[in-house]
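Novice: Following the working numbering from start to finish, the sequence shown increments by one per residue and tops out at 342. In this text, a Cβ means the ideal position worked out from N, Cα and C, and glycines have one as well. This is the structure, below, for whatever I ask next.
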Amino acid sequence: MMSIGTLLAYSLVAACVLILRYRPDSSVLESGRTNEVGESELTESESHLNHLKDGEMSLHSLLNPSLQPTTSSSTAVNVAVGVIGFLIYFGYGIWHSSEHKRQRRCTENLAEKQQMFVKDGAVDKHIHSEKTNKDELFVPSTVHFEIVYLRPDKPATVPCRVSAPKTTVSLHREMPPEEIQNDGKLISYNPTKGFILQNPGPELMGAFYCRATSTTKTTPQVSTKYQLLYLEVPSGPPYATIQASSNKVSGGDIFNVTCTALGVPDLDVKFSWSFPGEDQRPVIITDTHRLISRGVGQIIRTSQSVLTVDDVETIDFGDYICTARNSHGETSVVTQVNLSD
Numbered sequence: 002m003m004s005i006g007t008l009l010a011y012s013l014v015a016a017c018v019l020i021l022r023y024r025p026d027s028s029v030l031e032s033g034r035t036n037e038v039g040e041s042e043l044t045e046s047e048s049h050l051n052h053l054k055d056g057e058m059s060l061h062s063l064l065n066p067s068l069q070p071t072t073s074s075s076t077a078v079n080v081a082v083g084v085i086g087f088l089i090y091f092g093y094g095i096w097h098s099s100e101h102k103r104q105r106r107c108t109e110n111l112a113e114k115q116q117m118f119v120k121d122g123a124v125d126k127h128i129h130s131e132k133t134n135k136d137e138l139f140v141p142s143t144v145h146f147e148i149v150y151l152r153p154d155k156p157a158t159v160p161c162r163v164s165a166p167k168t169t170v171s172l173h174r175e176m177p178p179e180e181i182q183n184d185g186k187l188i189s190y191n192p193t194k195g196f197i198l199q200n201p202g203p204e205l206m207g208a209f210y211c212r213a214t215s216t217t218k219t220t221p222q223v224s225t226k227y228q229l230l231y232l233e234v235p236s237g238p239p240y241a242t243i244q245a246s247s248n249k250v251s252g253g254d255i256f257n258v259t260c261t262a263l264g265v266p267d268l269d270v271k272f273s274w275s276f277p278g279e280d281q282r283p284v285i286i287t288d289t290h291r292l293i294s295r296g297v298g299q300i301i302r303t304s305q306s307v308l309t310v311d312d313v314e315t316i317d318f319g320d321y322i323c324t325a326r327n328s329h330g331e332t333s334v335v336t337q338v339n340l341s342d
């Protein structure tokens, strides 16, 4: 569509051509010269003289008196200005109409991203805020391999979500190759969450992936891979222990106190310390975390916090208290460091 700037340029060119092509009527000029030759010459001479005095007369005007402004030429200029104003108004109307349509299309596209799914009498609002490719059936994931922890005391979710409602999704094990049956009870699928596993057991450990098919796509698509790990460790506050490298120290010695916490792999553990002289001297505290496998279903998270005291002084003797906490609670343990005999 022609832009308003281009339309304005064409309008100005057309107006200039109209003005330059205008010529006074020859019959009127001839009649004027015949009847009032003397008077006209005198008037024109006086007019030229006045223009020269005012500095408004050019050589081109003296040689071509017929090009000087007349009532007819003024009318033509007014018409041209009116045409330009109409074209600008018309062009602005076209631009405003197209801008309104564009905004309305953006609003309609936003509304199409919010779809409602009704199941078992409950309304589930299916909103995907991620930028999805229209050719992809699965919602894109930021990782290519994801770990899912299975616990006997809570449901687990394999998060292979889809970006289109009319998509059939199945869960598959890599080795041995098999499809996991979706019975709608122990294993069910929710397009906004993924496969929900109720009361999962160790038989579901292994590598899995989701497979999606759609009536609008001829080729099935495969999701990110998921590693399912079974945990027999129940969810709860971390189990903590504390031990000092030596409970009897002397002035100038170096010792450390180690606090160890055991918990589930997917819950972070944070430590805090309370010890003698904590407001009077600096200490070194180092935190580490790692996963430990103790056989089938025995995967735990081990977290440690080590407090080191250098150049022991009298203010360093007393109780060292470590508190380990996660989202389920906290556990505090204490040990004592005294002056050696």
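Of the choices Val170, Asn339, Val159 and Asp154, whose alpha-carbon is the least far from that of Asp257?
Specialist: Going by the sequence as given, residue 257 is Asn instead of Asp. Ranked by how close their Cα comes to the Cα of Asn257, the residues Val170, Asn339, Val159 and Asp154 have Asn339 in first place.
Novice: If the criterion is Cβ atoms closer than 8 Å, does the pair Asp317 and Pro277 meet it?
Specialist: yes
Novice: Give me whichever residues DSSP pairs with Cys260 in a beta bridge.
Specialist: For Cys260, which the question treats as bridged, DSSP gives the partners Ile243 and Ser306.
Novice: Which stretch, first to last residue, makes up the beta strand (DSSP E) that contains Ser333?
Specialist: Gly330 to Leu340
Novice: Leaving out the 5 sequence neighbours to the left and right, which residues in its chain are closer than 6 Å to Ser247 when beta-carbon positions are compared?
Specialist: Taking C-beta separations shorter than 6 Å and ignoring five residues to either side along the sequence, the partners of Ser247 in its chain run Phe256, following chain order.
Novice: Contact defined as beta carbons within less than 8 Å: I believe Asn327 pairs with Pro266. What is the distance between those atoms, to the nearest angstrom?
Specialist: Actually they are not in contact, since the Cβ atoms of Asn327 and Pro266 sit about 11 Å apart, beyond 8 Å.
Novice: Counting Cβ pairs closer than 8 Å, one from the segment 227–236 and one from the segment 144–156, do we hit at least three?
Specialist: yes
Novice: Does chain B have any CB closer than 8 Å to the CB of Ser333?
Specialist: The structure shown contains no chain B; it holds only a single protein chain.
Novice: Hey, Val159 and Tyr227 are a contact pair by Cβ (cut 8 Å); roughly how many whole angstroms apart?
Specialist: Rounded, the Cβ-Cβ distance is 5 Å, consistent with contact.
Novice: Give me the residue from Phe209, Gly202 and His173 with the minimum Cα distance to Glu147.
Specialist: Phe209
Novice: Look at Phe196 and Leu230 and say whether their C-beta atoms are less than 8 Å apart.
Specialist: no
Novice: Take Asp342 and list the residues in its own chain whose beta-carbon comes closer than 8 Å to its own, dropping the five residues that flank it on each side.
Specialist: Lys249
Novice: Are there 16 or more other CB atoms within 10 angstroms of the CB of Pro221, so buried, or fewer, so exposed?
Specialist: Exposed.
Novice: Just to confirm, is the Cβ distance from Cys260 to Ala241 under 8 Å?
Specialist: yes
Novice: Cβ atoms of Ala165 and Ser215: under 8 Å apart, would you say?
Specialist: yes
Novice: Are the CB atoms of Arg302 and Gly264 within a distance shorter than 8 Å?
Specialist: yes
Novice: Could you tell me the distance, in whole angstroms, from the CA atom of Lys186 to the CA atom of Lys218?
Specialist: 29 Å
Novice: Just how far apart, CA to CA, sit Leu268 and Asp184?
Specialist: 30 Å
Novice: What is the C-beta distance between Ile243 and Val313, in whole angstroms, given that I count them as a contact (C-beta under 8 Å)?
Specialist: Incorrect: roughly 18 Å between the Cβ atoms, too far for contact.
Novice: How close, in whole Å, do the beta carbons of Pro192 and Val149 come, if the pair is a contact with beta carbons under 8 Å?
Specialist: Their Cβ separation, rounded to whole angstroms, is 18 Å, which puts Pro192 and Val149 out of contact at 8 Å.
Novice: Can you give me the C-alpha to C-alpha distance between Val170 and Leu232, rounded to a whole angstrom?
Specialist: 26 Å
Novice: With DSSP as the reference, label Glu204 as helix, strand or coil.
Specialist: Looking at Glu204 - three-state DSSP - the assignment turns out to be helix.
Novice: Exposed or buried, which one is Ser332 when buried takes at least 16 other CB atoms within 10 Å?
Specialist: A small correction: the amino acid at residue 332 is Thr; Ser does not occupy that position in the sequence shown. Buried is the call here.
Novice: Mind checking who Ile188 pairs with in its DSSP beta bridge?
Specialist: In DSSP, Ile188 forms a bridge with Leu198.
Novice: In angstroms, rounded to a whole number, what distance separates the CA positions of His127 and Gln182?
Specialist: Summary for His127: the model assigns pLDDT 37, below 50, so the residue's position carries little reliability; its value from the coordinates is reported in the next sentence. Answer to the nearest angstrom: the Cα atoms are 24 Å apart.
Novice: Using three-state DSSP, classify Asp317 as helix, strand or coil.
Specialist: helix
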